[in-house]
Structures are given as structure tokens and as C-alpha cells.
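Report on the structure given below.
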Amino acid sequence: MPENRLRFAPSPTGFLHVGGLRTALFNYLFARHTGGRFILRIEDTDQSRKVDGAVENLMESLRWAGLDFDEGPGVEGDFGPYVQSQRLEQYSKYAQQLIDQENAYPCFCTEADLQQMREEQLARKEDTRYDGRCRHLSPDEVSEKLAAGTPHVIRMKIDHNRDAYVVNDLIRGEVRFTPDQIDDQVLVKSDGFPTYHLANVVDDHLMEISHVIRGEEWLPSTPKHIQLYEYFGWEIPEFAHLPLLLNTDRSKLSKRQGDVATEDYKGKGFLPDSLINFVALLGWNTQDDQEIYSMAELIEQFSLERVGKSGAVFDVNKLRWMNQQYIKQKSEEALLELLQPYLPDYTKETAPEQLLKIINIVRDSLITLPDIASRLDLFYNDNPEIEDEALRDQVKSEPYQQVYKGFTSQLEQVDSLTSENFGAIMKAVQKETGIKGKNLWIPIRIAITLVEQGPDLSSVVDVFGKEKCLQMVQRLIDINN
0 MPENRLRFAP SPTGFLHVGG LRTALFNYLF ARHTGGRFIL RIEDTDQSRK VDGAVENLME
60 SLRWAGLDFD EGPGVEGDFG PYVQSQRLEQ YSKYAQQLID QENAYPCFCT EADLQQMREE
120 QLARKEDTRY DGRCRHLSPD EVSEKLAAGT PHVIRMKIDH NRDAYVVNDL IRGEVRFTPD
180 QIDDQVLVKS DGFPTYHLAN VVDDHLMEIS HVIRGEEWLP STPKHIQLYE YFGWEIPEFA
240 HLPLLLNTDR SKLSKRQGDV ATEDYKGKGF LPDSLINFVA LLGWNTQDDQ EIYSMAELIE
300 QFSLERVGKS GAVFDVNKLR WMNQQYIKQK SEEALLELLQ PYLPDYTKET APEQLLKIIN
360 IVRDSLITLP DIASRLDLFY NDNPEIEDEA LRDQVKSEPY QQVYKGFTSQ LEQVDSLTSE
420 NFGAIMKAVQ KETGIKGKNL WIPIRIAITL VEQGPDLSSV VDVFGKEKCL QMVQRLIDIN
480 N
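Sequential numbering of the sequence shown, starting at 0, is according to numbering that gives the first Met the number 0.
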């Protein structure tokens, strides 16, 4: 049985959209799950939209996400080149074959002609599409215009008397299109470059692509591609069209409502593992309540049968939660390495063992890697302040002040304060003041960590030591004097 061959074929028009990342991921997972090959192909035939550096960015984003390709630019295989602008002779050859078979024809209509055509159709309340006027030119008329160098495109002929086009989609089942829904598609533009429709069909055939997994926006174009496969007498690959990505208000995902580029999330300190995990669950339904998946688990469990038809909501809050879980799972050494680019310069003076202690205290509160800078303020600010106004009033109350005075009294009787003797000192404060439970612990937590709920108190005490804890508590006693 031939191996499955799947391709991700982005256009180099900018950064890798998260929708493109999902398309790449699903192709990658299907290929790896079935023991097939994953191919990267750059579709740059629309030269007007090509952005300098976009190819390099696309490849870097895929590498960062862990989606290594088996064939593609820089990883040459038997079916290259893998950049469409380097394959123009192939498209020209097959376009000519279609003309010779009378399945395609030159179209000399200008943009003004097409605009007038659209306006007249709208006035008649008709769907706007090319009306096929140039397919009826005589051979002599065509020859005359070609000899004169009249600008033209190549259009495919659609047989409007044929039966319906049937797309057997692996996600949506059977989808039917009638010929009157399809117009004579442009296959080659006036600059000699092919459109997506011709180039992707030719390349998918020549590269022996077995499955085409792409976004649902391409589903209406699939009948045109089926027509081309039929004209060439080629085997049609399996199709699977992925559901749209939606904003939380269920509008189509767009930059107007937030970040849409993989590069954005990389730059904001999201981990590639968490972004891949999150994107994998956009449209792919798990069989249980599991939400955290390693790449190996995704490869093992992935199947197109569990991809849904309806749009998938891109919930950034869910991504943030997931990223936090991945940060929590990192080993001390791995997390310290990931945090290096985000650590403020002042941490360079801290002994590595002490810095690791501090990071371990705040790590569970990190949602993204850059959060580390704001979490360190407690440990490096000589005069940290309680920001919550209600807590500032609370620490002035008589019960809180009793606890603070009892705590300072007990600290003066010991040589040091560590996590090991902290509990005993607090018991002594309880005995001295008669205050216990949360009424004892919350005042001390607020004094030392500046918040009512937060990092492990004994760990903070261990880092601060006696003198800083005494200073923190004494400041709250002094505000009443």
C-alpha cells in the first residue's frame, strides 16, 4: 500500500497565522500517525503579495512549534523543487495540454470588461461570475489577438451539462456542487504565473500527495480541482476541510480582535508545547476529558474522524491556562533556561541557588514567561507596598497589630528565621496573643507577601530570613504611630 503523503502549502504573505499552524499540525499529525511523510511546499505564484523574509519566518515558526518536515525547501526529496516559482515550466506545460484538449481557452477580457460584467449581473440580481464570452471566440479571432500580443489569461472550461461534482470529504461526508455554481476559473494569469487552482493540482499530483487537509474556505473551490483532475486523467486525492477558527463572539478569527500570528504568541512567552496542544483541540474532539497532551500522545490518538464540522472558538484564556500548566510541569533546570531572556538584569547578582528558590516560589503564578519580571518585585524591591487599598486598611486593625507585635517579639528571641522554625515561632505568637487559625496566619501573610493569597509563605520566609521579615512586619506596626 503506498505511503500517505501530506503537504502544508502556505503562501509567503506574512507571518504564520494560527489557522495555518493548525492546518500544518493536522497534516503533520495525520502523516506521523499513519507512518507517512509531511511535506512543506511554498506557494508563491502570487508575486504581488509576497513579503520579503516570509518564507524564512514560516519555516522558523514550524521549527519552533516542533513540526519538522520530511521534504521541502532545504530538505530536498525526490519531488522538488518545493517552491512554486521554481516550477513554472511544469504549469505552462499542463496549461498548454488543457488548451490542446479544448478544456481551456485564452481570455482577453480587461479588468474594465469584467467590472462592467459584474455591474450588469448585479443590476439583473444575478450571481456575479465570468459569463464565458471568450470561450466562444473563433480560432481565427484567438490567433489574431495572440499574434497582436493582446494581454490574456487562461481559463478552464466548465461543462455546464455534466452531473453534479461530488466531494467525498473525510470530515463533512458527501458534498455536492452543481455545474452552474462554478464559473470558468482563471488558471494562468496575464503575467504567466499560474493561479492556486492550477498550481496546487499539478503539484499535488506530481508530488504524489495522497490527502489534502486544508481550511473549509477552500471547499467551494474543490469542484474546480476535481474538474482538473478529470481533465488530466489523474487520481483524485482524499480531501478533508477543517472548520473555521472563530473569535469568542463566533465571528471569524481576525487580527481586529487579537493576535493571530504564531510569531505573536512566541514573542509573548507562550511555550510551543502549549500552543500546539491548544491548537490541536481546535476542532479535534478528544474521547475523554483529557486536555493536556504531549506531541507523542497527539500523534498516537489523532484521527480525522474526530474532527468536527462546526467552527472552533479560539479562547485565549484557555490558552493562557494551558500555558500555565506547561510552565508548572517544567523541571527547575528547564524553566530557569526558558526564563533567562526575561530575567531582569538585577537578578544577575543573585546566587544561582537563591534565584532558583525564588523562581520556585513564583513559578505556579506564571502564565507566560515574561510574567517573571513582575513576580520578582517582592524579592528585589527594598520598599514593596501593599497595593490593595482594603488590605492597607485591614493591617491597621487592632487584631492585626497584636499579631505583628507578637511576631516581632518572638523574632527578637531567635537568632534566625527559616522555614524549619517558622511554624514554632507562629505557635509562640498564638500563645502570646491568644489569636489562632486564619486570624493569626493571614495578617502575617499580608505583611510578608503583601497579598492575602499567594506564594507559599514558609518558602518566602526562608528566602527573606529574619531581618527582612522583621523589617516587613515592623513597617506595618509603624504606620499606626
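We put the beta carbon where it would ideally sit given N, CA and C, even for glycine. Please read these numbers as outputs of a predicted model, since none were measured by experiment.
Q: Would you list the residues sitting across from Glu-237 in a DSSP beta bridge?
A: BP columns for Glu-237 point to His-210.
**Q.** Coarse secondary structure for Leu-153, derived from DSSP in three states
**A.** In the sequence under discussion, the amino acid at residue 153 is Ile, which differs from the Leu named in the question. Collapsing the DSSP output to three states places Ile-153 in a strand.
Q) My guess is that Arg-4 and Ile-38 are in contact by the Cβ rule of under 8 Å, so how many angstroms apart are they, rounded? A) Contact between Arg-4 and Ile-38 holds, since their C-beta atoms are separated by about 6 Å, short of 8 Å.
Q) In terms of DSSP beta bridges, what is Ala-103 paired with? A) Its beta-bridge partners are Met-155.
Q: If I'm right that Val-17 touches Val-259 with Cβ under 8 Å, what's the distance once you round it to whole angstroms?
A: So it is a contact: roughly 6 Å between Cβ atoms.
(Q) Among Glu-290, Thr-349, Glu-304, whose alpha-carbon lies nearest the alpha-carbon of Tyr-379? (A) Residue nearest to Tyr-379 within the set Glu-290, Thr-349, Glu-304 is Thr-349 (criterion: CA-CA distance).
Q) For Asn-284 versus Gly-307, is the C-beta spacing smaller than 8 Å? A) Taking 8 Å as the Cβ cut-off, Asn-284 and Gly-307 qualify as a contacting pair.
Q) Applying the criterion that 16 or more other CB atoms from any shown protein chain within 10 Å of the CB defines a buried residue, is Ile-157 buried or exposed? A) A residue is called buried when at least 16 other Cβ atoms come within 10 angstroms of its Cβ; Ile-157 meets this threshold and is buried.
Q. In whole angstroms, what separates the C-alpha of Arg-36 from that of Leu-241?
A. Rounded to the nearest whole angstrom, the CA to CA distance from Arg-36 to Leu-241 is 20 Å.
Q) Counting pairs of beta carbons, one from the stretch 232-241 and one from the stretch 100-107, are three or more of them closer than 8 Å? A) Judged by Cβ distances under 8 Å, the stretch 232-241 makes no contact with the stretch 100-107, as fewer than three pairs qualify.
Q: Look at the Cβ atom of Ile-371, then the Cβ atom of Leu-338, and state whether they are nearer than 8 Å.
A: Yes, these two residues count as a Cβ contact at 8 Å.
Q: May I ask you to check if the CB of Cys-133 is nearer than 7 Å to at least one heavy atom of the ligand FMN?
A: With respect to the ligand FMN, the structure shown offers nothing to examine, as it has no ligands at all.
Q. Whose C-beta lies closer than 7 Å to the C-beta of Ile-366 among residues of the same chain, with five residues either side of it excluded?
A. Excluding sequence neighbours, Ile-366 sits near Arg-319, Asn-322, Gln-323.
(Q) Quick check on Asp-248: does DSSP put it in helix, strand or coil? (A) Per DSSP, reduced to three states, the secondary structure at Asp-248 is coil, with no helix or strand assignment.
Q: Note down, in chain order, each residue of its chain lying with its Cβ closer than 7 Å to the Cβ of Leu-303, except the 5 sequence neighbours on either side.
A: Phe-29, Leu-169, Ile-170, Ala-239.
Q.
Give me the DSSP bridge partner(s) of Val-306.
A. Beta-bridge pairing links Val-306 to Trp-283.
(Q) Is the separation between the beta-carbon of Met-206 and that of Leu-186 shorter than 8 Å? (A) Their beta carbons are not under 8 Å apart, which means Met-206 does not touch Leu-186 by this criterion.
Q) Roughly how many whole angstroms lie between the Cα atoms of Pro-222 and Ser-142? A) So the alpha carbons of these two residues sit roughly 30 Å apart.
Q: Would you check if the distance between the CB atom of Phe-231 and the CB atom of Tyr-81 is smaller than 8 Å?
A: Cβ atoms of Phe-231 and Tyr-81: not closer than 8 Å.
**Q.** Rounded C-alpha distance that separates Phe-21 from Ala-279
**A.** For the sequence presented, residue 21 should be read as Arg rather than Phe. Roughly 7 Å between the two C-alpha positions.
Q: Starting from Gly-172, trace the alpha helix (DSSP H) both ways and give me its first and last residue.
A: From DSSP, Gly-172 is part of no alpha helix (DSSP H) but of the beta strand (DSSP E) over 172-176.
**Q.** Proximity below 8 Å, CB of Glu-70 to CB of Phe-78
**A.** Phe-78 sits close to Glu-70, with the two beta carbons spaced by under 8 Å.
Q | Whole-angstrom C-beta distance between Leu-57 and Pro-11, which should lie under 8 Å | A | That belief holds up - the Cβ atoms of Pro-11 and Leu-57 are roughly 6 Å apart, short of 8 Å.
(Q) Taking the alpha-carbon of Ser-415 as reference, which of Gly-464, Gln-393, Thr-432 has the nearest alpha-carbon? (A) Taking only the C-alpha atoms, the option nearest Ser-415 is Gly-464.
Q | Residue range of the beta strand (DSSP E) that includes Tyr-514 | A | Summary: the structure shown does not reach residue 514, with the chain confined to residues 0 through 480, and so no result is reported for it.
Q. Could you give the residue range of the alpha helix (DSSP H) that holds Asn-36?
A. The amino acid occupying residue 36 in the given sequence is Arg; Asn does not appear at that position. In the DSSP assignment, Arg-36 falls outside any alpha helix (DSSP H) and within the unbroken beta strand (DSSP E) covering 36-39.
Q: Taking 8 Å as the cut-off, decide whether the C-beta atoms of Thr-432 and Ile-476 are in contact.
A: Here Thr-432 is not near Ile-476, since their CB atoms are 8 Å or more apart.
(Q) Taking the straight line between their C-alpha atoms, what separation do you get for Ser-364 and Leu-377? (A) Rounded to the nearest angstrom, the two C-alpha atoms are 13 Å apart.
Q. What is the DSSP secondary structure of Gly-266, counted as helix, strand or coil?
A. It is helical.
**Q.** Unbroken alpha helix (DSSP H) run spanning Val-200, endpoints
**A.** Where Val-200 is concerned, the enclosing alpha helix (DSSP H) stretches over 195-205.
Q. Do you know whose CA, among Gly-436, Gly-131, Lys-430, Lys-467, lies nearest Ile-447's CA?
A. Of the listed residues, the one whose Cα sits closest to Ile-447 is Lys-467.
Q: From the DSSP output, in three-state form, read off Asp-168 for me.
A: In the three-state reduction of the DSSP assignment, Asp-168 falls in the strand class.
Q: Out of Leu-97, Ser-418, Leu-297, point me to the one whose CA is closest to Gln-184's CA.
A: For the set Leu-97, Ser-418, Leu-297, the Cα lying nearest the Cα of Gln-184 is the one of Leu-97.
Q) By the 10 Å Cβ neighbour count, where 16 or more other Cβ atoms means buried, how is Gly-436 classified, buried or exposed? A) Using a 10 angstroms sphere on the CB of Gly-436, the tally of other CB atoms stays under 16, which defines it as exposed.
Q: Starting from the N-terminal side, write out each stretch of the beta strand (DSSP E) that is 3 residues or longer and does not extend beyond the stretch 396-464.
A: Runs found: none.
Q | Proximity of Ser-396 and Val-460 at Cβ, strictly below 8 Å | A | Taking 8 Å as the Cβ cut-off, Ser-396 and Val-460 do not qualify as a contacting pair.
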